[in-house]
Amino acid sequence: MANLLELRDISAGYGEAVVLNHVSLALPEGQSLALLGRNGTGKTTLINTIVGLTRRREGSIFLSGQDITRLRPDQRALAGIGWVPQERNIFRSLTVDENITAIATKGPWTMERIYKLFPRLAERRSNMGNQLSGGEQQMLAVGRALALNPRVLLLDEPTEGLAPIIVDELLQALRTIVREEGLAAIIVEQSPRKILPLCDQAIILDRGQVAYQGTSEDLTNAPDILATLLGVAERGAAPAH
Amino acid sequence: MSGSHDKDLQSASARLLKQSHSRWYEWLFWAVALSLFVIFGDFIPGVPTRLMLLTEIVTLALLALSIDLVLGFAGIVTLGQGAYFGLGAYVAALLAKGGAGTFPMSDPVIGLLIAGLVTGVFGFVTSFLVLRGSDLTRLMVTLGVALILSELANQMRWLTGGADGLNGVMPSAVLGIWEFDLWGRVAYLYSLAVLFICFWLSRRIVNSPFGLSLKAIKNNPLRARAIGVPVNARLVAIYTIAAALAGIAGALLAQTTQSASPDMIAFHRSADGLLILVFGGAGYLYGGLIGAAAFRVMQDVIGNITLQYWQFWLGAVLVALVIFVRNGIIGMMVAGWARLRKGDGQ
Chain A
1 MANLLELRDI SAGYGEAVVL NHVSLALPEG QSLALLGRNG TGKTTLINTI
51 VGLTRRREGS IFLSGQDITR LRPDQRALAG IGWVPQERNI FRSLTVDENI
101 TAIATKGPWT MERIYKLFPR LAERRSNMGN QLSGGEQQML AVGRALALNP
151 RVLLLDEPTE GLAPIIVDEL LQALRTIVRE EGLAAIIVEQ SPRKILPLCD
201 QAIILDRGQV AYQGTSEDLT NAPDILATLL GVAERGAAPA H
Chain B
1001 MSGSHDKDLQ SASARLLKQS HSRWYEWLFW AVALSLFVIF GDFIPGVPTR
1051 LMLLTEIVTL ALLALSIDLV LGFAGIVTLG QGAYFGLGAY VAALLAKGGA
1101 GTFPMSDPVI GLLIAGLVTG VFGFVTSFLV LRGSDLTRLM VTLGVALILS
1151 ELANQMRWLT GGADGLNGVM PSAVLGIWEF DLWGRVAYLY SLAVLFICFW
1201 LSRRIVNSPF GLSLKAIKNN PLRARAIGVP VNARLVAIYT IAAALAGIAG
1251 ALLAQTTQSA SPDMIAFHRS ADGLLILVFG GAGYLYGGLI GAAAFRVMQD
1301 VIGNITLQYW QFWLGAVLVA LVIFVRNGII GMMVAGWARL RKGDGQ
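Note that the protein sequences, when read in sequence, are chains A and B.
Its first residue numbered 1, the first sequence is counted upward by one per residue in the numbering used here.
Its first residue numbered 1001, the second sequence is counted upward by one per residue in the numbering used here.
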């Protein structure tokens, strides 16, 4: 299967500090990747580097074989990289409708489909961004990224700080996006339990380097790796697919 | 799928269009503006003619509206709109003077369009200067552009008349029908019509997906860029549009006062425009219009009471407004309305 997104030997960081050291990964079309790691291992930096927000020092990024390394963030987004940032970053002075319409492009992800995926958002389509709960903001951030009709979706800790019931709702939507719709995605999470069942592949970052790369299934069945690299006890390991 | 998408886009556009439909109070605003023509147009015995003052308010309102587009919606702090205002004034004045009251060169509408086009082009060229740097850098760059133009107008005596400005500007009849009269009746109605059209266009712009993306940029440009908004292109576009509107405002003033002077391109024009917007409330479109009326009427009233210290009192009112009211006069009205509705709800 052809690679949709490919990172070759990427080193990046902030200012003088180098956070990522020679990271390479490949994401085939229609596949999903769980990006795992403890706090401060470079997960968000990696996502920000793909989006174009951090200072890349070395390496290249390819999208469908096209080198996008030198493109601006907006050009990368229009090329097909959808981003759901860790802080959600919705536009607080715009309504739900306006947040989505502001960046919507032509493609299969119409507003109708986004609202079908998140009925809770449809009910609050006229509410301002700052009137939404954390969970609704997260749904809006995902919906807004989908409205761009991306080829690959990057989600940075989408369930962080959300109530368990909202997490379930969001995971169900993500399952629809990656499993049923077949949209390629990289999902950053600290907890493998939540995300491994959704993803085909997994990568664990440790101190800015790839410490593990394999299938989600293999990682699920490797409690020693989970314990060593993520501090997950055997009984807390992710369930099998 | 394409059909479904088109339908979806149509419904999104329809929703935006519905949002941009005028409310009753907006029609009331324009009706009041029109009724001022009857009240102060020397039709009622005993009521003095104030149409020239009202026409000046309309031109200031259009200048403030142009600043609102860049500051209130796109978040670009500017002290340079006065430059486009002055440029528009000189372009319209030169055309009218060159045409010596004959069609087509002296035609006011053609003059307005050419002034808008020239200032739009100049705005486009200078817009790239405001893409870089922070608010402070933008403030300095826009101020720099305004100062350069102001000095050019002063030095190019052969074209602009230097410090004396251009006199004997004679625009022909509006649409070949209505001659500018001594009482300023045609001038007021003509200016009001131009303001209404420019306002309507601005309203459509801010209520379109393009306008929403400007608000997103104002919220956070870095975030907007990362999710796919072409920030630079949008800022260039709105800055160019706003420059054209400021140019049209200047052209209106030159045509209705039948002169153009360095005063029209001076720094205080930009400062006044900004002040008016802060007074009225940025980001509402109507803020500039209401602010212009409040500012100019206050200037007139305070000037009549204490000619020497009118700026002191104007400053005092502005400071009080900024301290006690969020978002100017409109902000005050919106907060009052919300309080009233809350009271009704309880």
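Even for Gly, the Cβ is constructed at its ideal location relative to N, Cα and C.
On a predicted model such as this, the values are computed, not experimentally measured, just so you know.
- Contact between the segment 1153 to 1165 of chain B and the segment 1084 to 1097 of chain B is present: 3 or more CB-CB pairs across the two stretches fall below 8 Å.
- By the criterion of at least three beta-carbon pairs nearer than 8 Å, the segment 1144 to 1151 of chain B is not in contact with the segment 1197 to 1217 of chain B.
- Any Cβ of chain A closer than 8 Å to the Cβ of residue 1330 of chain B would place that residue at the interface, and such an atom is absent.
- For residue 51 of chain A, the chain B residues whose Cβ falls inside 8 Å of its Cβ are 1226, in order along the chain.
- The beta carbon of residue 1313 of chain B is closer than 6 Å to those of 1302 in its chain, skipping five residues each way along the sequence.
- With fewer than 16 neighbouring CB atoms inside 10 Å of its own CB, residue 1343 of chain B falls in the exposed class.
- By the rule that beta-carbons nearer than 8 Å mark a contact, residue 1204 of chain B does not touch chain A.
- Listed along chain A are 102 and 103, each with a C-beta nearer than 8 Å to that of residue 1213 of chain B.
- For residue 1122 of chain B, the number of other beta carbons within 10 angstroms of its own is at least 16, and it is reported as buried.
- Among the bridge pairs identified by DSSP, residue 26 of chain A is matched with A:6.
- For residue 1116 of chain B, the uninterrupted alpha helix (DSSP H) segment begins and ends at 1108 to 1127.
- Residues 95 and 96 of the same chain have their beta carbon placed closer than 7 Å to that of residue 127 of chain A, with the five preceding and five following residues left out of the count.
- Its Cα nearest to that of residue 30 of chain A, the residue A:185 stands out among A:42, A:44 and A:185.
- A residue is called buried once 16 or more other Cβ atoms fall within 10 Å of its Cβ, and residue 109 of chain A is buried on that count.
- Not a single CB atom of chain B sits nearer than 8 Å to the CB of residue 180 of chain A.
- Residue pairing from DSSP places residue 212 of chain A in a beta bridge opposite A:204.
- Listed along chain A, no residue sits closer than 8 Å to residue 1221 of chain B by beta-carbon distance, the nearest being about 10 Å off.
- Here DSSP, grouped into helix, strand and coil, assigns residue 155 of chain A to strand.
- In the structure shown, residue 186 of chain A adopts extended strand secondary structure according to DSSP, grouped into three states.
- Annotated as distal: residue 1262 of chain B and residue 1111 of chain B, with beta-carbon spacing of 8 Å or more.
- C-alpha of residue 1283 of chain B to C-alpha of residue 56 of chain A: approximately 37 Å in a straight line.
- The DSSP-derived three-state label of residue 1183 of chain B is coil.
- With contacts defined as CB atoms closer than 8 Å, residue 8 of chain A and residue 24 of chain A qualify as a contacting pair.
- Assigned with DSSP and collapsed to three states, residue 1325 of chain B falls in coil, not helix or strand.
- Here DSSP, grouped into helix, strand and coil, assigns residue 115 of chain A to helix.
- Within the same chain, no Cβ atom closer than 7 Å to the Cβ of residue 65 of chain A is found once the five residues on either side in sequence are excluded.
- Looking at the backbone, the Cα of residue 1052 of chain B and that of residue 1277 of chain B are separated by about 21 Å.
- Looking at the DSSP output, residue 14 of chain A shares a beta bridge with A:17.
- Put simply, the CB of residue 64 of chain A is far from chain B, with every gap to its CB atoms at 8 Å or more.
- With fewer than 16 other Cβ atoms inside 10 Å of its own Cβ, residue 1031 of chain B counts as exposed.
- For residue 62 of chain A, the enclosing beta strand (DSSP E) covers residues 55 to 63.
- The segment 1188 to 1232 of chain B is shown to contain whole alpha helix (DSSP H) runs of 4 or more residues at 1209 to 1219 and 1221 to 1226, in chain order.
- Of the residues B:1151, B:1308, B:1188 and B:1201, the one whose Cα lies closest to the Cα of residue 1174 of chain B is B:1188.
- Within chain A, 91, 94 and 102 have C-beta atoms less than 7 Å from the C-beta of residue 1216 of chain B, given in sequence order.
- Buried is the label assigned to residue 1273 of chain B, since at least 16 other Cβ atoms lie within 10 Å of its Cβ.
- The segment 168 to 181 of chain A makes contact with the segment 195 to 203 of chain A; the number of CB pairs closer than 8 Å reaches 3 or more.
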